[in-house]
Structures are given as C-alpha cells and as structure tokens.
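Trainee: Those letters in the sequence shown? Residues 1282 to 1469, by the numbering used here.
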Amino acid sequence: MSIHLPLETPRLILRDFVESDWQGIHSYASDPEVVRYLPFGPNTEDDTKNYLQTEIKAHRKRNRQNFALAIALKEDKQFIGTCRISITDPNKSEGSIGFSLIQKFWGQGYATEASQKLLEFGFQQLKMHRIFATCDPRNNLSARVLVKIGMRQEGYLQEYELIKGEWRDRLLYAILEKDWIQMQIRNV
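1. Where does ARG1292 sit, in a helix, a strand or coil, going by DSSP?
2. Rounded to whole angstroms, what is the Cα-Cα separation between PRO1320 and ARG1433?
3. Specify the secondary structure class of TYR1437 as computed by DSSP and reduced to three states.
4. Measuring only the C-alpha atoms, how far is ASN1420 from ILE1378?
5. Kindly identify the DSSP beta-bridge partner or partners of TYR1454.
6. By DSSP, does ARG1343 sit in helix, in strand, or in coil?
7. Does the structure place the segment 1394-1407 close enough to the segment 1437-1452 that three or more beta carbon pairs sit under 8 Å?
8. Given a cut-off of 8 Å on the beta-carbon distance, is the pair LEU1453 and THR1415 in contact?
9. Which same chain residues, not among the five before or five after PHE1386, have their C-beta less than 7 Å away from its C-beta?
10. By a C-beta neighbour count over all protein chains shown, 10 Å radius and 16 as the cutoff for buried, is GLY1305 buried or exposed?
11. Whole angstroms are fine: how far does the CA of MET1464 sit from the CA of LEU1407?
12. Per the contact definition of three or more C-beta pairs closer than 8 Å, is the segment 1334-1349 in contact with the segment 1286-1304?
13. On a CA-only basis, which of GLU1401, TYR1441 and ILE1466 is nearest THR1290? Give me that one, please.
14. Can you tell which of ASN1372, GLU1440, ALA1353 and ILE1412 has its C-alpha closest to the C-alpha of ASP1302?
15. Just confirm the distance between the C-beta atoms of SER1367 and ASN1347, as a whole number of angstroms; I'd bet it's less than 8 Å.
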C-alpha cells in the first residue's frame, strides 16, 4: 500500500503531527465546549503532550493503521484542528473517521472539507470498502458534517460508551466505497 501525505484540499493541508502542534492541540483538547461529547478531556498540558508523542511515534509504524493528522490552513499554515482515519478491521476493509476543531473555526466548512478528503484517502489510498463514524446524538454539528459528506445514519447505539462516568448513546454513520464513487461522478 502506497501512502501519500500530506493531503491537500482547496483551503487545507492535512499532515502528520510535529512537536510544535502541541499548543494547537491543547487549545481544543482543553476546551470543555469542544470535548463535551468526546471520550477525552478537558486535557491537562501533560495529557496533550503525551497524546502528541504517542501519535508521532505511530507515524513511524511500518504497517500504519491510524492516521491522526493536523489540519492547517493552506494560506498561512495555521493549525486549526485534527482529524483521523483508522483502519478498524483490515479483513473487512473497514475504517473510521473523526475530527475536532478549535472552536473559533467551527461553522466555516473546514470539518466537512477535511472529512471529504479523509474519505478520498480512505477509499483511494487505503482501499477501504466501508468507512464509518460515530457521534453523540446531541452533537448536531458533527452529525450534520457526516450527512454532508454522504454518510447515512445506520444505527442508534444505546449506552454504547462510558464517557466521563456516564453511559452515552452514539449515532452510527457510514458510507460504502461504491456510494462514494457515485457521489464523485455526480459532482463532476
């Protein structure tokens, strides 16, 4: 499998993390509003630095299965958030995606743009058959992004995950490669 990074969109660069990203990561990972529906946070500085070191080490793995990437603005290289695609089941050619942005960059289409690129990367480079994502049912912004990129809600998972001491429901969204290809044909 030949992997080509960084990934570029009209406005963004999705790239592997570097040491200097820790402050950008910390600005969203320590924000209670950003992490309200996420299984981590609000982070301490040590939490964020440990996360970053773990991800930088993962970049070097030979058969890489997780691609946690920094999202930076193309025009000035400013760090605005992170996104990821993970191969969750290589036997089924299945993967998952996720994203988190610094709050001041919400509502500007960046999560949609980055997520569309993750789907392209997943289907074209990682040769995925199916890509899914989950989000908290109360997280309307994330659910809207998943629908915009062509995912369909496949399920409602009750008390699926223990997050911050509370059993939380999750919405399950997914898209198949054939449906993604049809979307690309329609958008040409």
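C-beta atoms are modelled at their ideal positions from N, C-alpha and C, and glycine is treated no differently. Note that this is a predicted model, so its numbers are computed, not measured.
Mentor: In this structure, then:
1. Reading the sequence shown from its first residue, position 11 is the one you call residue 1292. In this structure, ARG1292 counts as coil in the three-state DSSP scheme.
2. In the sequence shown, counting from the first residue as 1, residue 1320 sits at position 39. In the sequence shown, counting from the first residue as 1, residue 1433 sits at position 152. So the two alpha carbons sit approximately 23 Å from each other.
3. The residue you call residue 1437 lines up with position 156 of the sequence shown. Assigned with DSSP and collapsed to three states, TYR1437 falls in strand.
4. Counting from one through the sequence shown, the residue named residue 1420 turns up at place 139. Counting from one through the sequence shown, the residue named residue 1378 turns up at place 97. One C-alpha to the other measures close to 16 Å.
5. For the purposes of this step, residue 1454 is taken as the residue at position 173 of the sequence shown. Bridge partners of TYR1454: ALA1414 and GLN1434.
6. For the purposes of this step, residue 1343 is taken as the residue at position 62 of the sequence shown. Coil at ARG1343, not helix or strand.
7. No contact exists between the segment 1437-1452 and the segment 1394-1407.
8. Translated into the one-based positions of the sequence shown, residue 1453 becomes position 172. Translated into the one-based positions of the sequence shown, residue 1415 becomes position 134. In this structure, THR1415 lies closer than 8 Å to LEU1453 by Cβ.
9. In the sequence shown, counting from the first residue as 1, residue 1386 sits at position 105. Within the same chain, PHE1386 has close Cβ partners ILE1361 and GLY1362.
10. On the sequence shown, residue 1305 is found 24 positions in, with the first residue counted as 1. Under this definition GLY1305 is a buried residue.
11. In the sequence shown, residue 1407 corresponds to position 126, counting from 1. In the sequence shown, residue 1464 corresponds to position 183, counting from 1. Whole-angstrom Cα-Cα distance: 19 Å.
12. Yes: at least three Cβ pairs fall under 8 Å.
13. Position 9 of the sequence shown, counted from the first residue, corresponds to residue 1290. Nearest option by C-alpha distance: GLU1401.
14. Along the sequence shown, read from residue 1 onward, the residue named residue 1302 stands at position 21. Nearest to ASP1302 by alpha-carbon distance, out of ASN1372, GLU1440, ALA1353 and ILE1412, is ALA1353.
15. Taking the first residue of the sequence shown as 1, we reach residue 1367 at position 86. Taking the first residue of the sequence shown as 1, we reach residue 1347 at position 66. With 8 Å as the limit, SER1367 and ASN1347 qualify as a contact, their Cβ atoms being about 5 Å apart.
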